[in-house]
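Student: Residue numbers for the sequence shown follow our numbering, so the first one is 26 and each next one is one higher.
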Amino acid sequence: MQELSQDSEHVSERESGRESEHGGAAKPFGWVEVTGPSMVPTLYHGDFLVVRFGGRVRAGDIVVLRHPFQQDLLVVKRAAERREGGWWVLGDNSFAGGDSTDYGTVPHDLILGRVRFRYRPLKPGQRSPLALVRWALSAARPVFSDRSASRRLRAR
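In C-alpha coordinates form, the structure reads like this:
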(Lines of atoms letter the chains of each structure in order from A and count residues from 1; the text may use other names and numbers.)
(Lines give C-alpha, C1' and ligand atoms only; values in the text may rest on other atoms or scores of the structure.)
Protein backbone atom coordinates (compact mmCIF):
# COMPACT_ATOMS: atom_id res chain seq x y z
CA MET A 1 0.00 0.00 0.00
CA GLN A 2 1.13 3.55 -0.67
CA GLU A 3 2.29 6.06 1.92
CA LEU A 4 -0.68 8.24 2.82
CA SER A 5 -1.04 11.91 3.49
CA GLN A 6 -4.09 13.93 4.46
CA ASP A 7 -3.69 16.51 1.69
CA SER A 8 -4.31 14.31 -1.30
CA GLU A 9 -6.49 11.52 -2.58
CA HIS A 10 -4.11 8.66 -3.16
CA VAL A 11 -4.83 5.28 -4.58
CA SER A 12 -3.24 1.97 -3.93
CA GLU A 13 -2.65 0.06 -7.15
CA ARG A 14 -3.93 -3.51 -6.95
CA GLU A 15 -3.85 -5.93 -9.85
CA SER A 16 -4.11 -3.01 -12.19
CA GLY A 17 -0.90 -4.26 -13.75
CA ARG A 18 -0.58 -2.59 -17.09
CA GLU A 19 1.58 -5.49 -18.29
CA SER A 20 1.01 -9.15 -17.81
CA GLU A 21 3.43 -11.20 -15.71
CA HIS A 22 4.93 -12.60 -18.88
CA GLY A 23 5.60 -9.23 -20.52
CA GLY A 24 2.42 -9.33 -22.60
CA ALA A 25 0.22 -6.50 -23.76
CA ALA A 26 -1.17 -3.90 -21.40
CA LYS A 27 -4.55 -4.67 -19.85
CA PRO A 28 -7.35 -2.27 -20.77
CA PHE A 29 -8.86 -2.27 -17.24
CA GLY A 30 -7.56 -2.42 -13.70
CA TRP A 31 -8.66 -1.49 -10.22
CA VAL A 32 -7.36 0.76 -7.48
CA GLU A 33 -8.29 1.48 -3.87
CA VAL A 34 -8.91 5.07 -2.75
CA THR A 35 -7.18 6.46 0.33
CA GLY A 36 -7.64 10.02 1.53
CA PRO A 37 -10.35 12.73 1.54
CA SER A 38 -9.70 14.94 -1.50
CA MET A 39 -12.51 13.55 -3.69
CA VAL A 40 -15.25 13.58 -1.02
CA PRO A 41 -18.26 13.55 -1.58
CA THR A 42 -17.76 11.73 -4.92
CA LEU A 43 -15.29 9.12 -3.61
CA TYR A 44 -14.48 8.04 -0.07
CA HIS A 45 -11.54 6.40 1.66
CA GLY A 46 -11.82 2.65 1.03
CA ASP A 47 -13.70 2.86 -2.27
CA PHE A 48 -12.49 0.59 -5.06
CA LEU A 49 -12.38 1.97 -8.60
CA VAL A 50 -12.36 0.26 -11.98
CA VAL A 51 -10.04 2.21 -14.25
CA ARG A 52 -10.02 2.16 -18.06
CA PHE A 53 -6.39 2.68 -19.04
CA GLY A 54 -5.59 4.92 -21.98
CA GLY A 55 -8.32 6.49 -24.03
CA ARG A 56 -9.43 10.07 -24.36
CA VAL A 57 -9.83 12.25 -21.27
CA ARG A 58 -12.46 14.98 -21.26
CA ALA A 59 -13.08 17.83 -18.85
CA GLY A 60 -15.11 16.52 -15.92
CA ASP A 61 -13.69 12.97 -16.03
CA ILE A 62 -12.29 11.44 -12.86
CA VAL A 63 -8.80 10.21 -13.71
CA VAL A 64 -6.00 8.21 -12.13
CA LEU A 65 -2.59 9.76 -12.62
CA ARG A 66 0.99 9.54 -11.43
CA HIS A 67 1.89 12.35 -9.04
CA PRO A 68 4.12 14.78 -10.97
CA PHE A 69 6.76 14.98 -8.20
CA GLN A 70 6.48 11.44 -6.81
CA GLN A 71 5.71 9.22 -9.77
CA ASP A 72 5.48 5.99 -7.79
CA LEU A 73 2.38 7.49 -6.14
CA LEU A 74 -0.97 7.20 -7.90
CA VAL A 75 -3.55 9.95 -7.40
CA VAL A 76 -7.23 10.26 -8.34
CA LYS A 77 -8.57 13.69 -9.33
CA ARG A 78 -11.08 15.33 -11.64
CA ALA A 79 -9.73 16.62 -14.97
CA ALA A 80 -10.93 20.23 -14.81
CA GLU A 81 -9.54 21.59 -18.08
CA ARG A 82 -6.97 20.95 -20.77
CA ARG A 83 -4.08 23.40 -20.72
CA GLU A 84 -0.87 23.75 -22.66
CA GLY A 85 1.25 20.75 -21.74
CA GLY A 86 -1.44 18.67 -20.06
CA TRP A 87 -4.42 18.71 -17.72
CA TRP A 88 -5.37 20.92 -14.80
CA VAL A 89 -6.70 18.46 -12.19
CA LEU A 90 -8.62 19.24 -9.02
CA GLY A 91 -10.08 17.34 -6.08
CA ASP A 92 -13.81 17.61 -5.40
CA ASN A 93 -13.04 18.51 -1.77
CA SER A 94 -11.53 22.00 -1.95
CA PHE A 95 -10.31 21.81 1.67
CA ALA A 96 -8.09 18.75 1.08
CA GLY A 97 -5.65 20.18 -1.50
CA GLY A 98 -3.05 18.06 -3.24
CA ASP A 99 -4.04 18.92 -6.81
CA SER A 100 -2.91 21.19 -9.65
CA THR A 101 -3.11 24.20 -7.37
CA ASP A 102 -0.07 22.63 -5.65
CA TYR A 103 1.81 21.02 -8.54
CA GLY A 104 0.54 22.72 -11.70
CA THR A 105 -0.48 21.17 -14.99
CA VAL A 106 -0.15 17.38 -15.19
CA PRO A 107 1.53 16.17 -18.42
CA HIS A 108 -0.61 13.91 -20.63
CA ASP A 109 1.75 10.96 -20.21
CA LEU A 110 1.15 10.93 -16.41
CA ILE A 111 -2.61 10.44 -16.85
CA LEU A 112 -3.09 6.66 -16.70
CA GLY A 113 -6.81 6.35 -17.30
CA ARG A 114 -10.41 7.25 -16.54
CA VAL A 115 -12.44 5.92 -13.63
CA ARG A 116 -15.45 4.01 -14.97
CA PHE A 117 -16.96 2.30 -11.92
CA ARG A 118 -16.95 2.67 -8.12
CA TYR A 119 -17.49 -0.05 -5.50
CA ARG A 120 -17.94 1.00 -1.87
CA PRO A 121 -17.38 -1.94 0.52
CA LEU A 122 -19.69 -2.64 3.44
CA LYS A 123 -18.54 -0.89 6.62
CA PRO A 124 -18.02 -3.08 9.71
CA GLY A 125 -20.82 -1.37 11.69
CA GLN A 126 -23.49 -1.71 8.97
CA ARG A 127 -25.56 -4.62 10.28
CA SER A 128 -29.13 -3.40 10.52
CA PRO A 129 -31.44 -4.48 7.70
CA LEU A 130 -32.00 -0.85 6.67
CA ALA A 131 -28.24 -0.17 6.54
CA LEU A 132 -27.73 -3.31 4.44
CA VAL A 133 -30.46 -2.26 1.99
CA ARG A 134 -28.95 1.24 1.66
CA TRP A 135 -25.52 -0.27 1.08
CA ALA A 136 -26.85 -2.75 -1.50
CA LEU A 137 -28.52 0.07 -3.44
CA SER A 138 -25.45 2.31 -3.50
CA ALA A 139 -22.39 0.06 -3.20
CA ALA A 140 -21.65 -0.29 -6.90
CA ARG A 141 -22.15 2.59 -9.30
CA PRO A 142 -20.81 3.73 -12.64
CA VAL A 143 -18.77 6.94 -12.52
CA PHE A 144 -19.80 9.54 -15.07
CA SER A 145 -18.14 12.75 -16.18
CA ASP A 146 -19.47 15.82 -14.45
CA ARG A 147 -19.12 18.80 -16.76
CA SER A 148 -20.80 21.15 -14.26
CA ALA A 149 -18.29 20.16 -11.57
CA SER A 150 -15.48 20.85 -14.02
CA ARG A 151 -16.74 24.39 -14.63
CA ARG A 152 -17.30 24.96 -10.91
CA LEU A 153 -13.82 23.69 -10.04
CA ARG A 154 -12.13 25.89 -12.67
CA ALA A 155 -13.68 28.91 -10.99
CA ARG A 156 -11.72 28.25 -7.78
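Cβ atoms here follow ideal geometry from the backbone N, Cα and C, with glycine treated the same way.
Relative to the C-alpha of residue 59, which candidate in 53, 78, 87, 82 has its C-alpha closest?
Tutor: For the purposes of this step, residue 59 is taken as residue 34 along the sequence shown, with counting starting at 1. Ranking the options by Cα distance to residue 59, first place goes to 87.
Student: Scan the segment 43-99 and note each continuous beta strand (DSSP E) run of 3 residues or more that stays entirely inside, going in chain order.
Tutor: Within the segment 43-99, the complete beta strand (DSSP E) runs of at least 3 residues are 54-60, 73-78, 87-91.
Student: Alpha carbon to alpha carbon, how far is residue 140 from residue 146? Give it in angstroms, no decimals.
Tutor: Your numbering for residue 146 matches position 121 in the sequence shown. Your numbering for residue 140 matches position 115 in the sequence shown. Distance between the alpha carbons of residue 146 and residue 140 is about 17 Å.
Student: For a test of the three-state rule: what should DSSP assign to residue 164, helix, strand or coil?
Tutor: Within the sequence shown, the letter at position 139 stands for residue 164. Coil.
Student: Which word fits residue 102, buried or exposed, when buried means at least 16 other C-beta atoms lie within 10 angstroms of its C-beta?
Tutor: For the purposes of this step, residue 102 is identified with residue 77 of the sequence shown, where counting begins at 1. Residue 102 comes out buried.
Student: With 16 other CB atoms within 10 Å as the buried threshold, where does residue 127 fall?
Tutor: As a working note, residue 127 is residue 102 in the sequence shown. With fewer than 16 other Cβ atoms within 10 Å, it is exposed.
Student: Cα separation between residue 91 and residue 165?
Tutor: By 1-based counting over the sequence shown, the position of residue 91 is 66. By 1-based counting over the sequence shown, the position of residue 165 is 140. Cα to Cα, the separation comes out at about 25 Å.
Student: Could you say if the segment 115-124 and the segment 53-69 meet the contact criterion of at least three C-beta pairs nearer than 8 Å?
Tutor: Yes, since at least three Cβ pairs between the segment 115-124 and the segment 53-69 fall closer than 8 Å, the two stretches touch.
Student: Just to confirm before moving on: does the CB-CB distance between residue 138 and residue 85 stay below 9 Å?
Tutor: Translated into positions along the sequence shown, residue 138 becomes position 113. Translated into positions along the sequence shown, residue 85 becomes position 60. No, Cβ-Cβ distance for residue 138 and residue 85 is not below 9 Å.
Student: Note down, one range per segment and in chain order, each alpha helix (DSSP H) of at least 4 residues found wholly within the segment 92-142.
Tutor: The segment 92-142 contains these whole alpha helix (DSSP H) runs: 125-128.
Student: Distance check for residue 153 and residue 89, CA to CA, integer angstroms please.
Tutor: For the purposes of this step, residue 89 is taken as the residue at position 64 of the sequence shown. For the purposes of this step, residue 153 is taken as the residue at position 128 of the sequence shown. Approximately 34 Å between the Cα atoms of the pair.
Student: Express the C-alpha separation of residue 144 and residue 134 in angstroms, rounding to a whole number.
Tutor: Indexing the sequence shown from 1 puts residue 134 at position 109. Indexing the sequence shown from 1 puts residue 144 at position 119. Their Cα atoms are separated by approximately 27 Å.
Student: Would residue 74 pass as a contact of residue 158 if the rule is Cβ separation under 9 Å?
Tutor: Counting from one through the sequence shown, the residue named residue 74 turns up at place 49. Counting from one through the sequence shown, the residue named residue 158 turns up at place 133. Cβ distance not < 9 Å, so residue 74 and residue 158 don't count as in contact.
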